[in-house]
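Numbering of the sequence shown is given in the UniProt record's numbering, commencing with residue 1 and proceeding in unit increments.
Yeah, the Cβ is synthetic: ideal placement off N, Cα and C, and Gly gets one too.
Only a predicted model underlies this, so the values are computations on that prediction, with no experimental measurement involved.
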Amino acid sequence: MGGHAIDTFANPDFNIFHDAGTLIVICAKPSSPFVEADCWLAAENLMLAACAIGLGSCVIGSSVAALNLPEVKAELGIPAEFNAVAPLIVGVLSGETAATSRKEPLILSWKK
Ligand SMILES: Cc1cc2nc3c(=O)[nH]c(=O)nc-3n(C[C@H](O)[C@H](O)[C@H](O)COP(=O)(O)O)c2cc1C
Numbered sequence: 001m002g003g004h005a006i007d008t009f010a011n012p013d014f015n016i017f018h019d020a021g022t023l024i025v026i027c028a029k030p031s032s033p034f035v036e037a038d039c040w041l042a043a044e045n046l047m048l049a050a051c052a053i054g055l056g057s058c059v060i061g062s063s064v065a066a067l068n069l070p071e072v073k074a075e076l077g078i079p080a081e082f083n084a085v086a087p088l089i090v091g092v093l094s095g096e097t098a099a100t101s102r103k104e105p106l107i108l109s110w111k112k
């Protein structure tokens, strides 16, 4: 973690969940090689559904390690045999968000 991130996390006023109204933690039992991919696909669907009804959402990957601490899992009611995989916040937008710039896709190979 870089210096800026450490400063941010050390600030007692910093809320890792950006003061959103709802945190959804998509969890999985580590039962197959693709189980985490399934969680992220579900997360994407959830974010698209939130957007469709005018809500904002954001993946909070920086919370995964903390969410998987035994005491945090116990507090949230996540059974020990499940892992927190994809945490998402969902909430009412506080304003318009400007579109960010996009990089061109990098096509590694194209065979006909
Ligand atoms: C895997 C993953 C983890 C992320 N973790 C965080 C996070 O911990 N905190 C945060 O504010 N945003 C997090 N984001 C959101 C990104 O910082 C960024 O806002 C989002 O991907 C939208 O990108 P865009 O600005 O290119 O549309 C995460 C995004 C992804 C895909």
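S109 sits exposed, since fewer than 16 C-beta atoms from the chains shown fall within 10 Å of its C-beta. Straight-line spacing of the CA atoms in E71 and P105 works out to 41 Å.
Under the DSSP assignment, L76 falls in the alpha helix (DSSP H) whose first and last residues are P70 to L76. At least 7 Å separates the beta-carbon of I60 from that of I107. Here the alpha carbons of K112 and V64 stand approximately 41 Å from one another. Within the UniProt domain "Nitroreductase" (15–90), the complete beta strand (DSSP E) segments at least 3 residues long are 22–28 and 55–59, listed from N- to C-terminus. L67 is positioned such that its CB atom lies closer than 7 Å to that of V25.
Note on A80: under 16 other CB atoms within 10 angstroms of its CB, so exposed under the neighbour-count rule. Contact check for A49 against V85 fails: the beta carbons are separated by 7 Å or more. Going down the chain, each residue whose beta-carbon is closer than 6 Å to a heavy atom of ligand 1 shows up: C58, V59, I60, G61, S62 and T100.
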